[in-house]
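A.B. asks:
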Amino acid sequence: GASAYILNYFLYILWALCFAFLAVSLVRVFAPYACGSGIPEIKTILSGFIIRGYLGKWTLLIKTVTLVLVVSSGLSLGKEGPLVHVACCCGNFFSSLFSKYSKNEGKRREVLSAAAAAGVSVAFGAPIGGVLFSLEEVSYYFPLKTLWRSFFAALVAAFTLRSINPFGNSRLVLFYVEYHTPWYMAELFPFILLGVFGGLWGTLFIRCNIAWCRRRKTTRLGKYPVLEVIVITAITAIIAYPNPYTRRSTSELISELFNDCGALESSQLCDYINDPNMTRPVDDIPDRPAGPGVYTAMWQLALALVFKIVITIFTFGMKIPSGLFIPSMAVGAMAGRMVGIGVEQLAYHHHDWIIFRNWCRPGADCVTPGLYAMVGAAACLGGVTRMTVSLVVIMFELTGGLEYIVPLMAAAVTSKWVADAFGKEGIYEAHIHLNGYPFLDVKDEFTHRTLATDVMRPRRGEAPLSVLTQDSMTVEDVETLIKETDYNGFPVVVSKDSERLIGFAQRRELILAISE
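So in the working numbering, spot 494 of the sequence shown is number 485, and the numbers just go up one at a time.
Below is the structure:
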C-alpha cells in the first residue's frame, strides 16, 4: 500500500545517506588518497612520477571498505576504476617485500602494470581485456616481459575470482548474454548512430564534469566535501527511487537491458502483444507488436537516461571512491535498448520495406534489442575513455558474445572518431591536467624545432654543467657538488673531456649512498 511505499522510500534515502556519509568520513579522516577513480594517478605514477602514500596500506584498506559503501549507497558510480587502484596498492605492498623491486622504481612500475591488468580482470571477469587495458590505457612503458607478467597476473586474478564464484552462477563474466538471432548488415547503420551518440556523450560528459570540478574549488560544496556528498546522495536517492530503472543497482539494470526476451520473462521490456497465428519455440519470442508495458518502460528509460547523464556529471570527482565504467555503460545501454526497440517495431510494422525485405520475414526474429544495448554501452564507454581495442575485448569477455564483435568494433571506432573531433583527451587525461600532474602523454604529437646541440652546453656567462664523471670523482667531490647545487639529479658521463652520457643519478640516492 501507500504507507509501505512511503516507508520503503524513507528507508531507501536513509540508508543511502548513511552509507555515503560513512564513506566520505572514512576517506576524509584516514586516507584522503582513497577518493576518486585512481586511474589518472596510476597513469601518472606509471609514467615515472612518485606520489608518496598514494599506494599505501591505509589507502588500500580505506578504499576497499568505502568502495563497498559507495556502491551500496546507490550513487551513480562504479567500482571498476577503484578496483584498479586497489590492485595497484596490493602490487605496491607485495613489491615492497622484495628488495629487487622495492629499491628499483622501474621494476616496481612493471609490477604495477601487471596489477592494473589484474584489477580489470577482477572487476569485469575479463583477463585478456585487463592485459590490453593496461597496455592501451594505463601503462606508459610496456615491454614484452611486462606483457607476460600482466597476462600471468590477470590469469591468477581470474582463476581466484572463478574459485570464489561471487555471482553465484558459476560464470566468470558479469553480464552473460545468449541471443538467438544473428545481426544483419543493414543494422550497421543504427550501430554507427549509437557510436555517434557515444562520442557526443563522452564529449559532453568530459567538458561538463571538468567544468564542474573546476567550479567545485570555488563553491561552498567544494570547501565542504562531506556536505557535497550528502547533498548529491540525497538528490540521487529522492529522484531515483520512483523510477524502477534507477532504483535498482546499475549492474542489475545493465544486465536486464542486455538480456533478450524469452517466453518466461516478466519484465516490462518484454511485454509484447501475443499473436495466436505465430508459433515459436518456448524459449524464444518472435518480433511482435509492443504492448503497453514496453511503452511504459520506454518512457521510464528515457527519464532514467536523462537523470543518469546529469547526475553522473556532478557525482564523478567527489571525495569518495568513484568509478566511471558502469555509469557510462548504463547510459549507453539505456539509449541502445530504446533504439533497438524502435528498430524492432519498425521492422515488424514495415517488413516490406527494402531494407527489411531480404532478412526480415513476418513472425521471424529480425532485431535483438539487447544487442543494441550492448553496442550502446560500448559506444558510451569508448566515448568517455577513448579506448578501442581493450574496450571491444572487455565487452566481448563481459557478455560472451563473440558473434557480435563486429558491431562492437564499429560502435567503438565511431565513438572515438566523433569524440576526438571535439578533443583528444579522454576523461582520465582531462583529470590529470586538471590536477596538474606532471604527465607527458605518449599519444601527444609535438613539433620539435630545437636541436639537441642548442641545449647541451650552457650559454656564455653561465656555470659549467653539473655532472658526475665515471673516472675522476671522489666522494668529497660528490659532496661538494651536492652542497653547491640544488638539482634533483646529475648526468653521469665517462669524463669531462668526452662528456659521453652513460647514466643519471638522483640527488636523493647520492645522499643516501654517502650517508651509508
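Cβ atoms here follow ideal geometry from the backbone N, Cα and C, with glycine treated the same way. Values in this document were obtained by computation on a predicted structure and should not be read as measured data.
Could you compute how far the alpha carbon of Ser240 sits from the alpha carbon of Thr57?
C.D. replies: Taking the straight line from one Cα to the other gives about 17 Å.
A.B. asks: Drop a sphere of 10 angstroms on the beta-carbon of Gln336, count the other beta-carbons inside from all chains shown, and report buried for 16 or more, exposed for fewer.
C.D. replies: Buried, because 16 or more other Cβ atoms sit within 10 Å of the Cβ of Gln336.
A.B. asks: If you draw a straight line from the C-alpha of Ile30 to the C-alpha of Gly(-8), how long is it?
C.D. replies: Near 45 Å, if we compare the C-alpha coordinates of Gly(-8) and Ile30.
A.B. asks: For Val484, which residues does DSSP report across the bridge?
C.D. replies: DSSP output for Val484 lists Thr460, Leu492 as bridge partner(s).
A.B. asks: In angstroms, rounded to a whole number, what distance separates the CA positions of Glu394 and Glu388?
C.D. replies: If you take the alpha carbons of Glu394 and Glu388, they lie about 12 Å apart.
A.B. asks: Given that a residue counts as buried once 16 or more other Cβ atoms are within 10 Å of its Cβ, and exposed if not, what is Met386?
C.D. replies: Met386 is buried by the Cβ-count criterion.
A.B. asks: Quick one: Cα of Leu503 to Cα of Glu470, how far?
C.D. replies: Looking at the two C-alpha atoms, the distance is approximately 12 Å.
A.B. asks: Reducing DSSP to helix, strand and coil, say where Met27 ends up.
C.D. replies: The sequence shown places Gly at residue 27, rather than the Met named in the question. Strand, per DSSP.
A.B. asks: Since Tyr263 sits in a beta bridge, which residues does DSSP pair it with?
C.D. replies: Beta-bridge pairing links Tyr263 to Ala281.
A.B. asks: Taking the beta carbon of Gly427 as the centre, do at least 16 other beta carbons fall within 10 Å, making it buried, or is it exposed?
C.D. replies: Classification of Gly427: exposed, given that the 10 Å Cβ count is below 16.
A.B. asks: Would you tell me roughly how many angstroms separate the C-alpha atoms of Val61 and Ala25, rounded to the nearest one?
C.D. replies: If you take the alpha carbons of Val61 and Ala25, they lie about 12 Å apart.
A.B. asks: Any idea what DSSP makes of Ser506, helix, strand or coil?
C.D. replies: Three-state result, Ser506: helix.
A.B. asks: Distance check for Ser463 and Lys415, CA to CA, integer angstroms please.
C.D. replies: Distance between the alpha carbons of Lys415 and Ser463 is about 49 Å.
A.B. asks: Report yes if the CB atom of Pro181 is closer than 8 Å to the CB atom of Val330, and no otherwise.
C.D. replies: Going by C-beta atoms, Pro181 is nearer than 8 Å to Val330.
A.B. asks: Can you give me the start and stop residues for the alpha helix (DSSP H) that Pro360 sits inside?
C.D. replies: Element bounds for Pro360: 360 to 376.
A.B. asks: Could you tell me how far apart the beta carbons of Pro318 and Leu68 are, in whole angstroms, since I believe they sit closer than 8 Å?
C.D. replies: Between Leu68 and Pro318 the Cβ distance is about 6 Å, and since that is below 8 Å, they are a contact.
A.B. asks: Would you kindly work out how many angstroms separate the C-alpha atoms of Gly39 and Ile33, rounded to a whole number?
C.D. replies: The alpha-carbon atoms of Gly39 and Ile33 are separated by roughly 10 Å.
A.B. asks: Within a Cβ cutoff of 8 Å, which residues of the same chain sit near Ile493, ignoring the five residues on either side of it in sequence?
C.D. replies: Closer than 8 Å at Cβ, skipping near neighbours: Gln461, Val483, Val484, Val485.
A.B. asks: What number of angstroms, rounded off, separates the C-alpha of Ile223 from the C-alpha of Thr306?
C.D. replies: Whole-angstrom Cα-Cα distance: 7 Å.
A.B. asks: Looking only at C-alpha atoms, which of Ile311, Thr237, Ala225 sits nearest to Ala288?
C.D. replies: Measuring from the Cα of Ala288, the nearest candidate turns out to be Thr237.
A.B. asks: Does DSSP classify Pro312 as helix, strand or coil?
C.D. replies: Here Pro312 sits in strand by DSSP.
A.B. asks: Taking the straight line between their C-alpha atoms, what separation do you get for Pro272 and Tyr232?
C.D. replies: Its pLDDT being 43, under 50, Pro272 is placed unreliably in this model, and the value from its coordinates should be taken loosely. Cα to Cα, the separation comes out at about 37 Å.
A.B. asks: With a threshold of 6 Å on Cβ separation, who are the neighbours of Lys70 within its own chain once the five nearest residues in sequence on each side are excluded?
C.D. replies: Answer for Lys70: Leu58, Val62, Gly314, listed in chain order.
A.B. asks: Are the Cβ atoms of Val466 and Ile505 separated by less than 8 Å?
C.D. replies: Cβ atoms of Val466 and Ile505: closer than 8 Å.
A.B. asks: Within its chain, find whatever has a CB closer than 6 Å to the CB of Ser381; leave out the 5 residues flanking it on each side and keep chain order.
C.D. replies: Excluding sequence neighbours, Ser381 sits near Gly120, Leu123, Phe124, Glu127.
A.B. asks: Taking only the alpha-carbon atoms, compute the straight-line gap between Trp408 and Thr35 and give it to the nearest angstrom.
C.D. replies: Roughly 25 Å separates the two Cα atoms.
A.B. asks: To the nearest angstrom, how far is it from the Cα of Val404 to the Cα of Gln291?
C.D. replies: Answer to the nearest angstrom: the Cα atoms are 29 Å apart.
A.B. asks: Can you tell me the Cα-Cα spacing of Glu197 and Arg205, whole angstroms?
C.D. replies: The sequence given here has Ile at residue 197, not Glu. Roughly 12 Å between the two C-alpha positions.
A.B. asks: For Val187, I'd like the list of residues in its chain whose CB is within less than 7 Å of its CB, leaving aside the five on either flank, ordered along the chain.
C.D. replies: Cβ within range, chain order: Thr405, Val409.
A.B. asks: Do Gly327 and Thr376 count as a contact pair if the criterion is CB distance below 8 Å?
C.D. replies: Against a cut-off of 8 Å, the Cβ pair of Gly327 and Thr376 comes out as no contact.
A.B. asks: My guess is that Tyr167 and Gly391 are in contact by the Cβ rule of under 8 Å, so how many angstroms apart are they, rounded?
C.D. replies: That belief holds up - the Cβ atoms of Tyr167 and Gly391 are roughly 6 Å apart, short of 8 Å.
A.B. asks: Using the Cα positions of Arg245 and Ala177, report the straight-line distance between them to the nearest angstrom.
C.D. replies: First, the amino acid is wrong: residue 245 is Ile here, not Arg. Whole-angstrom Cα-Cα distance: 25 Å.
A.B. asks: Determine the burial state of Gly159: buried for a count of at least 16 other Cβ atoms within 10 Å of its Cβ, exposed for fewer.
C.D. replies: Answer is exposed; the Cβ neighbour count stays below 16.
A.B. asks: Would you list the one or two residues that DSSP bridges to Gly69?
C.D. replies: In DSSP, Gly69 forms a bridge with Gly314.
A.B. asks: Count the other CB atoms within 10 Å of the CB of Asn83; is the residue buried (16 or more) or exposed (fewer)?
C.D. replies: So Asn83 counts as buried.
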